[in-house]
Structure formats: C-alpha cells, structure tokens
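In the working numbering, the protein residues as written are 10 to 154. Just so you know, even glycine gets a beta-carbon here, dropped at the ideal spot from N, CA and C.
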C-alpha cells in the first residue's frame, strides 16, 4: 500500500503584493517504508514566489477529499486567490496545509474512494509585472481506483 504526503509552496505575508499559495506537491511512498525521505512526487504548475513547507501526511489512511481556502476579489486592494488547502483523510482525520488565513473555505470536493487522491492539476496566474499577482487560482485533484 502507498501513502500520500503533502507539501505546499507558500509566500509568507510581505505587506505588499502577496500571492499566498503558489503550489501543491504530492509525495508517494510505500506505507511499509519507515522513512519519508524516499518517495516520488507529483505536482502541477507552481507560481514564481514562496517556499516549500515541511511534509505532512494523514496519520492513517489516504487523502480522500479537500477544501480550498480562497480570497475573493479585493477591488483596488491586494488579491491573493488561493491561500490554503484542507484534506479529509479516509479514516476521518484532517490534514491542513501550511498556507495563510486569508479568504474563506470552499465546499468539500467529492470523496475519493478506492486509493484516494493521486493526481493534481492547478491553474496559475502568470506574473503580472507591475500589476497585482495572485499565483495559484484553482486546483483539481484526481482520484485513483
């Protein structure tokens, strides 16, 4: 059986043009392994800013569904779009990413049965130059049977 781990690419608040969540990376290891240092990774596009957070994982089971925390359009103020992600693990626990607290949590995705979440697709805004940057704007997670 395989175990899925998570890291986020997050720009910490800078009191300027914040982008918050820039990327999501999923890591896969054999659950029989006693080390989280030997794994394969999958990620989609990643924004231009931020740093990768420490690896997190469900205490048991697999990633089954998620919520994305998104800040709505701020008019003339600084926009960030996606800020954090929260996963529901298959055995009932929750796994919260290390993003920021701006915005509101969306609805839960459909629950993945079988082997859980195993793929990812993100929508990233390209750098805007002198304009307001947002980086990660949306994510789709894929289920494996």
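- DSSP places residue 64 in the coil class of the three-state scheme, outside both helix and strand.
- A straight-line Cα-Cα distance of about 27 Å links residue 153 and residue 19.
- Short of 8 Å from the beta carbon of residue 103, and not among the five residues preceding or following it, lie these beta carbons of its own chain, in chain order: 95, 96, 97.
- Within the stretch 48-114, the beta strand (DSSP E) runs of at least 3 residues that lie entirely inside it are, in chain order, 49-52, 72-79, 91-98, 103-105.
- In the same chain as residue 120, and ignoring 5 residues on each side of it, the C-beta atoms closer than 8 Å to its own belong to 73, 74, 97, in chain order.
- Annotation: residue 88 to residue 32 spans about 16 Å, alpha carbon to alpha carbon.
- The Cβ neighbour count for residue 24, taken over all protein chains shown within 10 Å, is under 16; the residue is labelled exposed.
- Exclusion of the five residues before and after residue 50 leaves 34, 35, 36, 37 as the residues of its chain whose Cβ lies within less than 8 Å of its Cβ.
- Its chain contains 26, 87, 88 as the residues whose beta carbon lies nearer than 8 Å to that of residue 141, once the 5 sequence neighbours on both sides are disregarded; these appear in chain order.
- Note that the C-beta distance between residue 58 and residue 144 is below 8 Å.
- For residue 23, there is no enclosing beta strand (DSSP E), as DSSP marks it with neither H nor E.
- According to DSSP, residue 132 shares a beta bridge with 147.
- In this structure, the straight-line span from the alpha carbon of residue 116 to that of residue 78 is close to 9 Å.
- Within a 10 Å sphere around the beta-carbon of residue 92 sit 16 or more other beta-carbons, which makes this residue buried.
- With contacts defined as CB atoms closer than 8 Å, residue 54 and residue 126 fail to qualify as a contacting pair.
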